[in-house]
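Have a look at the structure below, then the notes.
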Amino acid sequence: MSNPAGVRQPFFAPFVTRSARYVRASPGIVAGGGLLLFMLLASFLAPLPHDPITPDPTAVLQAPSAEYVFGTDANGFDVFSRVIAAGRSDLPLALMGTLASLVIGLLIGLPLSVKSRWSEGFMRALDAFQSFPLIVLSVTIVSLTGNDIQNILYAIVIINGPRFIRLIRGEALSIRDGRFIEAAIATGARPRRVVFRHIMPNVVDVCLVQCSLTTANAVIVIAALNFLGIGVSPPTPTWGSMVQVGAQAISTGQWWIAIWPGVAIFLAIASLNMLANGIQRQVEGS
Amino acid sequence: MLRVTGLTSQFRGRAGVVRAIDDVTFEVPEGESVGIVGETGSGKSVTIRSVLGLLPSYGEVVSGSAEFEGTDLVRLNRARLREIRGARIGFVAQNPFGSLNPVLSIEKQFRNVVRAHRRISRTDLRDLAVERLESVQVRGPERVLRGYAHELSGGMAQRVVIALAMLHDPSLVIADEPTTALDVTVQRQILDLIDAQVKQGRRSLLLVTHDLGVVAQYCHRVVVMKSGKVVETGLVADVFSDPSHDYTRQLLAAVPPAPWADDVPSLSGQEVHR
Numbered sequence: 001m002s003n004p005a006g007v008r009q010p011f012f013a014p015f016v017t018r019s020a021r022y023v024r025a026s027p028g029i030v031a032g033g034g035l036l037l038f039m040l041l042a043s044f045l046a047p048l049p050h051d052p053i054t055p056d057p058t059a060v061l062q063a064p065s066a067e068y069v070f071g072t073d074a075n076g077f078d079v080f081s082r083v084i085a086a087g088r089s090d091l092p093l094a095l096m097g098t099l100a101s102l103v104i105g106l107l108i109g110l111p112l113s114v115k116s117r118w119s120e121g122f123m124r125a126l127d128a129f130q131s132f133p134l135i136v137l138s139v140t141i142v143s144l145t146g147n148d149i150q151n152i153l154y155a156i157v158i159i160n161g162p163r164f165i166r167l168i169r170g171e172a173l174s175i176r177d178g179r180f181i182e183a184a185i186a187t188g189a190r191p192r193r194v195v196f197r198h199i200m201p202n203v204v205d206v207c208l209v210q211c212s213l214t215t216a217n218a219v220i221v222i223a224a225l226n227f228l229g230i231g232v233s234p235p236t237p238t239w240g241s242m243v244q245v246g247a248q249a250i251s252t253g254q255w256w257i258a259i260w261p262g263v264a265i266f267l268a269i270a271s272l273n274m275l276a277n278g279i280q281r282q283v284e285g286s
Numbered sequence: 001m002l003r004v005t006g007l008t009s010q011f012r013g014r015a016g017v018v019r020a021i022d023d024v025t026f027e028v029p030e031g032e033s034v035g036i037v038g039e040t041g042s043g044k045s046v047t048i049r050s051v052l053g054l055l056p057s058y059g060e061v062v063s064g065s066a067e068f069e070g071t072d073l074v075r076l077n078r079a080r081l082r083e084i085r086g087a088r089i090g091f092v093a094q095n096p097f098g099s100l101n102p103v104l105s106i107e108k109q110f111r112n113v114v115r116a117h118r119r120i121s122r123t124d125l126r127d128l129a130v131e132r133l134e135s136v137q138v139r140g141p142e143r144v145l146r147g148y149a150h151e152l153s154g155g156m157a158q159r160v161v162i163a164l165a166m167l168h169d170p171s172l173v174i175a176d177e178p179t180t181a182l183d184v185t186v187q188r189q190i191l192d193l194i195d196a197q198v199k200q201g202r203r204s205l206l207l208v209t210h211d212l213g214v215v216a217q218y219c220h221r222v223v224v225m226k227s228g229k230v231v232e233t234g235l236v237a238d239v240f241s242d243p244s245h246d247y248t249r250q251l252l253a254a255v256p257p258a259p260w261a262d263d264v265p266s267l268s269g270q271e272v273h274r
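Put into structure tokens, the structure is as follows:
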């Protein structure tokens, strides 16, 4: 750090200027990541005013008040507590589904970056698979295999796995043309080594962007399945099932039951999209 | 050491089949340096890629052989070829920034090259990498190891590539225009470095270049190529003093005379930093 005037800088100066530059460079990452982190922390750590899975039969369909901040639903559940508690299952499930999709995308997409008749054939088969309405397919699969929570995970992977495979393969194909891959092969590296040690580090950035988009998509898939009553057992709060319960009350005037979980879904998706946008800009900038 | 006989390779394209090299024959004797010269598109790079099995998927060796220490690399199965590549034949590519992975630290790239052939502990790797970087005159090897390719100068990057190519002490080094992408002032240093490394390790060198001066200075033998064919081959002294082929004569005549070389004023008072 040059300091020609001999003035002592405050010890925090480098930290402040650095972090300020970081924020300016990527407001999306900071805002989106911050909001997401806030929601995750809140759902696990925030003190809840009422038990989210024990209804109070004496307080049914109450409008928002000081006691019930977001009101109560037809069974006497506190909407505020349940909106927060739902994040405990919805968000980690979305993240896990994304992680599983990413792993599958890497394991299948990277080796498929070898141009051959076989890999082209696989991609065409994947095209055919993706041309199905996959959400319908996953609803069918989940309802056939039973109401387990891991079935929701499978649904997310069915929808997002092919996207990851396609993205990673495309990216890897262009990286494979690089001279440094030829150089790697010339060092005697096995194909598996070339793919996972030399090519994979180069696709990390596009994967990061896709991961936040996929998580946003997973939040929607989870909410949609839960809305349809799939993959959820009643007292456990989820945003999707809460919207479903609330939707029935809208016609009789109790708007607050459906709105708040809807807002939570919106915030989760908005934060993830901001994050994706911010990462995308950083990737392009570098 | 390396005996290439009747090597013929072709590429399949939309317009049909293109024969890139045709009946290429030459030899790299033990401990000698051989230069391949020729204009752009004469098949120099295709020749060495055919030898190393690095042709793209649409290219193939049609006939001929490339015998290295008694084994024909062209007909060798892929697993055995991998054992030879990198370990017994080192490869230095044209553009050092192209041949270094942009997202891996230099240390990771050393690790990758070693790990392609054997296991190594973290501390052993570091010691080895530092030692090898010092042997190619990289200053501050620890700092370089932590850094990435884009932080290096062209000369530095090519030194790193050379150190990587020599990592397994190969008996043959193949260099594909190792100085073309570099600043003129660095070219000589890099060539001297390759030359020194080759001589120290009693290795053989196959040097692809289009600079006849480089061949005259660093090689024992020369292979002159034109449109995919070898037009002349022999000892550098013989070929250059008494070229038997028209094309070689034209090539030699095309080298600009340099009587002025001694008169070029050096920048006074400036030390030359290597």
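Going line by line, the protein sequences match chains A and B.
With the first letter of the first sequence counted as 1, position 278 gets the number 278 in the working numbering; the numbers rise by one all the way through.
With the first letter of the second sequence counted as 1, position 249 gets the number 249 in the working numbering; the numbers rise by one all the way through.
The C-beta atom is built at its ideal place from N, Cα and C for all residues, glycine as well.
query: How is the alpha helix (DSSP H) around R14 (chain B) delimited, first residue to last?
result: Segment: none, R14 (chain B) is in no alpha helix (DSSP H) and carries neither H nor E.
message: Run through chain A and tell me which residues come within less than 9 Å of V113 (chain B), C-beta to C-beta.
response: Chain A residues near V113 (chain B): A184, T187, G188, A189.
- prompt: Hey, is G170 (chain A)'s beta-carbon within less than 8 Å of any beta-carbon in chain B?
  reply: no
- request: Output, in sequence order along the chain, the residues in the segment 85-114 of chain B whose CB is closer than 7 Å to any CB in chain A.
  value: R85, G86, A87, F91, A93, N95, G98, S99, L100, N101, V103, L104, N112, V113
- request: Check D72 (chain B) in the structure and name its three-state DSSP category.
  value: strand
query: Would I149 (chain A) pass as a contact of L225 (chain A) if the rule is Cβ separation under 8 Å?
result: no
- prompt: What separation, rounded to the nearest whole angstrom, lies between the Cα atoms of A93 (chain B) and V160 (chain B)?
  reply: 12 Å
- request: Look up M225 (chain B) in the DSSP assignment and give the residues it is bridged to.
  value: B:V230
message: Residues of chain A with CB closer than 7 Å to the CB of A116 (chain B), please, in chain order.
response: Neighbourhood of A116 (chain B) in chain A, by CB distance below 7 Å: T187, G188, A189, R193, in chain order.
- prompt: Taking Cβ to Cβ, would you say V219 (chain A) is nearer than 8 Å to A268 (chain A)?
  reply: yes
- request: Following the continuous alpha helix (DSSP H) through I36 (chain B), name the residue where it begins and the one where it ends.
  value: Taken as a continuous stretch (DSSP letters only), I36 (chain B) belongs to no alpha helix (DSSP H), being part of the beta strand (DSSP E) at 33-37.
- request: Would you kindly work out how many angstroms separate the C-alpha atoms of A186 (chain A) and A155 (chain A), rounded to a whole number?
  value: 42 Å
message: Let's test the definition: count the other Cβ atoms within 10 Å of the Cβ of S89 (chain A) and tell me whether it reaches 16, buried, or not, exposed.
response: By the 16-neighbour rule on beta-carbons within 10 angstroms, S89 (chain A) is buried.
task: Have a look at S43 (chain A) and N160 (chain A) and give me their C-alpha separation to the nearest angstrom.
output: 25 Å
message: Under 8 Å, with one C-beta from each stretch per pair, do the segment 155-174 of chain B and the segment 190-209 of chain B reach the 3-pair mark?
response: Taking 8 Å as the limit for Cβ pairs, the verdict is that the segment 190-209 of chain B does touch the segment 155-174 of chain B.
- request: Check whether the Cβ of S244 (chain B) lies closer than 8 Å to any Cβ atom in chain A.
  value: no
query: Which chain A residues sit within Cβ distance under 7 Å of S57 (chain B)?
result: Within 7 Å Cβ-Cβ: K115.
- prompt: Along the chain, where does the beta strand (DSSP E) that runs through G90 (chain B) open and close?
  reply: 89-92
field: Where V103 (chain B) sits in the DSSP three-state scheme
entry: coil
query: Would a C-beta distance cut-off of 8 Å place G86 (chain B) and G188 (chain A) closer than the cut-off?
result: yes
query: Taking a cut of 8 Å between CB atoms, which residues from the segment 144-178 of chain A lie near chain B?
result: Near chain B, meaning a CB-to-CB distance below 8 Å, the residues of the segment 144-178 of chain A are G178.
- request: Name the two residues that bound the continuous alpha helix (DSSP H) containing L81 (chain B).
  value: 78-84
query: Near H245 (chain B), which residues of its chain fall below 8 Å by C-beta distance, leaving aside the five closest residues on each side in sequence?
result: Closer than 8 Å at Cβ, skipping near neighbours: V224, V231, E232.
field: First and last residue of the uninterrupted beta strand (DSSP E) at I174 (chain B)
entry: 172-176
message: Quick check on I279 (chain A): buried or exposed, where buried means 16 or more other Cβ atoms within 10 Å of its Cβ?
response: buried
task: Would you grab the beta carbon distance between L228 (chain B) and D22 (chain B) for me? Rounded to a whole angstrom, and I think it's under 8 Å.
output: The sequence given here places Gly at residue 228 (chain B); Leu does not occur at that position. G228 (chain B) to D22 (chain B), Cβ: 5 Å. Contact.
task: Count the C-beta pairs between the segment 98-106 of chain B and the segment 140-159 of chain B that are closer than 8 Å, then say yes if the count reaches three, no if not.
output: Verdict: yes, contact present.
Stretch pair the segment 168-183 of chain A + the segment 94-101 of chain A: three plus CB contacts closer than 8 Å: The count of Cβ pairs closer than 8 Å, one atom from the segment 168-183 of chain A and one from the segment 94-101 of chain A, stays below three, leaving the stretches out of contact.
field: Positions along the segment 70-82 of chain B whose CB lies within less than 7 Å of some CB in chain A
entry: R82
task: Could you pull out every residue in the same chain whose Cβ sits closer than 8 Å to the Cβ of R8 (chain A), ignoring the five residues on either side in sequence?
output: With a pLDDT of 47 at R8 (chain A), under the threshold of 50, the modelled position of that residue is not reliable, and the figure given next carries that caveat. Once the five neighbours on either side are set aside, R8 (chain A) has no close Cβ partner at all.
query: What in chain A is Cβ-close to L54 (chain B), meaning under 7 Å?
result: E182, I185, A186
task: Mind checking which residues open and close the alpha helix (DSSP H) that includes L286 (chain B)?
output: For residue 286 (chain B) there is no data in the structure shown, the boundaries of chain B being 1 and 274.
message: Using 8 Å as the threshold, is the C-beta distance between P55 (chain A) and G28 (chain A) below it?
response: no
- prompt: By Cβ distance below 7 Å, which residues in the same chain neighbour D205 (chain A) in space, the five residues on each side in sequence not counted?
  reply: V283
Local conformation of I230 (chain A) per DSSP, three classes: coil
task: Determine the burial state of E142 (chain B): buried for a count of at least 16 other Cβ atoms within 10 Å of its Cβ, exposed for fewer.
output: exposed
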